[in-house]
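Asks: Per our numbering, the very first residue in the sequence shown carries number 476; after that it's consecutive. The C-beta atom is built at its ideal place from N, Cα and C for all residues, glycine as well.
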Amino acid sequence: MQVWRLKSDLFHIIIFMNSINDHITIASGKTYLDNVNLGEVAEKYRTPVFVFSEKRIIENALSLYQLAKDEYDKITIFYALKANSNINILRIFREHGVLAEVVSHGELYKAMKAGYKPEEIVFNGPGKYIEGLETAVKKGIKCINIDSEYEMEIVRSLSKKHGVKTRVAMRIVPEVEAQVIETGLSWTKFGLEIDNAFELYHKAGEDKWLKPVGIHSHLGSQILELDTWRRGTRALVDMVNKLRSEGIKLEHINMGGGFPNDYTISPIDVNIDVLDKFKPSIEEKPIFQTIVDQLKKTRYEVELYLELGRRLIADTGILLMKVINQKTRSNGEKWLILDGGFNILLSTVLYKWYYPMINLSRIEEPHDHPFRIGGPICDTDDAFHDLEGELENDPHLPRYRYLPEKTEPGDIIMVLHVGAYTIEEASNYNSLPRPPMVLATKEGGVRLIRRGETLEDLVEKEML
Ligand SMILES: Cc1ncc(COP(=O)(O)O)c(C=O)c1O
476 MQVWRLKSDL FHIIIFMNSI NDHITIASGK TYLDNVNLGE VAEKYRTPVF VFSEKRIIEN
536 ALSLYQLAKD EYDKITIFYA LKANSNINIL RIFREHGVLA EVVSHGELYK AMKAGYKPEE
596 IVFNGPGKYI EGLETAVKKG IKCINIDSEY EMEIVRSLSK KHGVKTRVAM RIVPEVEAQV
656 IETGLSWTKF GLEIDNAFEL YHKAGEDKWL KPVGIHSHLG SQILELDTWR RGTRALVDMV
716 NKLRSEGIKL EHINMGGGFP NDYTISPIDV NIDVLDKFKP SIEEKPIFQT IVDQLKKTRY
776 EVELYLELGR RLIADTGILL MKVINQKTRS NGEKWLILDG GFNILLSTVL YKWYYPMINL
836 SRIEEPHDHP FRIGGPICDT DDAFHDLEGE LENDPHLPRY RYLPEKTEPG DIIMVLHVGA
896 YTIEEASNYN SLPRPPMVLA TKEGGVRLIR RGETLEDLVE KEML
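(1) Flag this pair as yes or no: are the beta carbons of residue 891 and residue 830 separated by less than 8 Å?
(2) Taking buried to mean at least 16 other C-beta atoms within 10 Å of its own C-beta, is residue 769 buried or exposed?
(3) Just to confirm the assignment, what range does the alpha helix (DSSP H) spanning residue 819 have?
(4) Given this structure, state the Cα-to-Cα distance separating residue 826 from residue 749, to the nearest angstrom.
(5) Applying the criterion that 16 or more other CB atoms from any shown protein chain within 10 Å of the CB defines a buried residue, is residue 884 buried or exposed?
(6) Please report the residue range of the beta strand (DSSP E) in which residue 580 lies.
(7) What does the alpha-carbon distance come out to for the pair residue 790 and residue 917?
(8) Grab me the residues of residue 923's own chain with a C-beta within less than 7 Å of its C-beta, minus the 5 sequence neighbours each way, in chain order.
(9) Nearest to residue 699 by CA position, among 617, 671 and 737, is which residue?
(10) Let me know the secondary structure DSSP gives residue 830 once reduced to three states.
(11) Using three-state DSSP, classify residue 781 as helix, strand or coil.
(12) Does the stretch 755 to 771 touch the stretch 561 to 577, meaning 3 or more C-beta pairs lie closer than 8 Å?
(13) Would you kindly work out how many angstroms separate the C-alpha atoms of residue 858 and residue 657, rounded to a whole number?
(14) Tell me the DSSP secondary structure of residue 772 in three-state form.
(15) With respect to the alpha helix (DSSP H) encompassing residue 637, which residues constitute its N-terminal and C-terminal limits?
(16) Considering only the alpha carbon of each residue, which of 701, 813 and 774 lies closest to residue 714?
(17) Heavy atom of ligand 1 less than 7 Å from the Cβ of residue 582, yes or no?
(18) List in chain order: all unbroken beta strand (DSSP E) runs of 3+ residues lying wholly within the stretch 714 to 777.
(19) Which one of 873, 793, 835 and 848 has the shortest CA to CA distance from residue 751?
(20) Just to confirm, are residue 696 and residue 647 a CB contact at a threshold of 8 Å?
(21) Within 8 Å, do at least three Cβ pairs link the stretch 837 to 852 to the stretch 811 to 827?
(22) CB of residue 707 to nearest heavy atom of ligand 1: below 7 Å?
(23) Am I right that residue 558 and residue 784 are in contact with their C-beta atoms under 8 Å? What's the rounded C-beta distance?
(24) Consult DSSP for residue 576 and reduce its assignment to one of helix, strand or coil.
(25) Roughly how many angstroms lie between the CA atoms of residue 535 and residue 787, to the nearest whole one?
(26) Leaving out five residues before and five after residue 877 in sequence, what residues of the same chain have Cβ atoms less than 7 Å from its Cβ?
(27) Tell me the rounded alpha-carbon separation between residue 834 and residue 514.
(28) Enumerate, from N- to C-terminal direction, the unbroken alpha helix (DSSP H) stretches of 4 or more residues contained entirely within the stretch 867 to 937.
Structure, rendered in structure tokens:
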């Protein structure tokens with residue numbers, strides 16, 4: 476396949492950097508992302524604005540393949556579009572050997588629009604629309620991960636209608652706990668319980684229109700313990716071995732996503748009172764080795780698929796916002812209000828997610844002064860701390876962010892690690908236009924990859 480050739484061609488020119496910090500330079504009070512002056516970006520494109528590093532995206536795409544080369548090179552990495560489906564980002568991943576994992580007909584459409592061929596796409600999800608399934612079947616997609624018996628029946632009848640044999644894998648819930656976001660347990664809505672999956676493999680194996688080629692599980696996101704990977708992979712390996720002895724030979728084991736990102740990495744030390752889940756203690760190599768140790772227990776060599784979102788895109792994106800209001804309460808607490816909140820960083824309220832914040836306008840001043848930070852949305856929850864947790868004395872986020880004492884309206888605040896599950900979940904709540912996205916290109920330039928919405932965009936789809 477062409478992507479494998481591309482991967483090997485590119486290895487020799489990439490020098491891997493350790494983290495996003497290696498891409499950020501601070502000089503004479505100015506901050507650069509891969510030589511792009513972030514202050515100038517904020518001025519030109521206005522705030523809020525997302526800025527992505529193309530170099531970091533490429534590094535992330537290639538570094539896992541690099542790691543895999545020594546351990547288990549029968550690996551294919553898929554990018555989980557749900558983390559960030561901008562077409563320009565998809566194109567970069569594709570050019571660097573990362574295939575696509577989609578969870579809706581919309582993502583399937585975007586993946587193909589970005590140039591992915593059907594045989595480079597796997598289709599997941601607990602509620603795939605029939606039009607997505609029909610496109611996937613007709614086009615001959617690499618694999619559909621079956622989420623229920625009902626869904627398998629639909630795939631079967633669509634395959635019969637179009638006279639094709641569709642490649643399928645069963646999505647399993649192996650009853651393995653994860654630490655932050657859990658999806659591999661039967662109390663969730665996802666996938667098939669093991670016994671049910673065995674039945675479906677036999678049914679599919681005997682069917683003229685279906686070809687069981689793999690097995691899938693997604694254990695969770697930001698997985699923090701090796702034991703989760705060990706138990707999850709082991710459960711699938713055991714199934715592969717049993718199925719083999721029953722006459723069904725699978726080609727691949729798909730372990731889904733879940734490699735964590737270290738959200739505490741920042742060029743300035745601002746990491747106070749942050750829970751361990753944002754600074755994972757496990758590293759990539761041991762995760763990979765843990766999976767591979769279990770894979771070696773299969774009775775024949777299977778290909779490993781990974782569907783990574785967060786790990787590939789989280790640390791490639793920065794968000795620039797502006798302070799637009801301030802107040803001091805009678806208890807002395809200073810509040811700053813930014814021009815972006817949960818309309819563009821929904822995970823701050825949904826998952827109490829932590830992102831480091833730095834005052835770009837005063838980058839060389841000590842970040843040692845406590846502020847309460849809120850977004851512009853007319854809603855109590857639109858804050859960068861955990862209000863409910865504070866009321867119950869169990870906050871998941873620090874009460875204060877430490878910024879230079881003189882921080883004031885007009886200052887630009889840089890938020891790090893915002894590449895995953897941010898712009899993708901953004902809304903127009905409070906009728907705020909969604910922000911633009913720009914790319915700091917590998918050549919050292921700046922390219923707009925999503926235009927910012929205008930006020931006209933807000934009414935464009937409404938019947939006037
Ligand atoms: C089926 C599936 N695969 C892959 C992913 C990507 O997960 P992550 O971003 O944690 O790597 C998700 C995310 O929820 C998912 O649901």
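Replies: This is what the structure gives:
(1) yes
(2) buried
(3) Looking at the DSSP string, residue 819 is not in any alpha helix (DSSP H), and its letter there is neither H nor E.
(4) Between residue 826 and residue 749, the C-alpha separation is close to 14 Å.
(5) By the neighbour-count rule (16 or more Cβ atoms within 10 Å), residue 884 is not buried but exposed.
(6) Element bounds for residue 580: not the beta strand (DSSP E) but the alpha helix (DSSP H), 580 to 588.
(7) 16 Å
(8) Sequence-distant Cβ neighbours of residue 923 in its own chain, meaning closer than 7 Å and more than five residues away, are 911 and 913.
(9) 737
(10) coil
(11) Strand, per DSSP.
(12) no
(13) 25 Å
(14) Residue 772 falls in the coil class under three-state DSSP.
(15) 624 to 637
(16) 774
(17) no
(18) Those beta strand (DSSP E) runs which fall completely within the stretch 714 to 777 and span 3+ residues are 727 to 729.
(19) Closest by alpha carbon: 873.
(20) No, Cβ-Cβ distance for residue 696 and residue 647 is not below 8 Å.
(21) yes
(22) no
(23) 3 Å
(24) strand
(25) In a straight line, the C-alpha of residue 535 is about 5 Å away from that of residue 787.
(26) 745, 747, 842, 843, 844 and 845
(27) 11 Å
(28) 930 to 935
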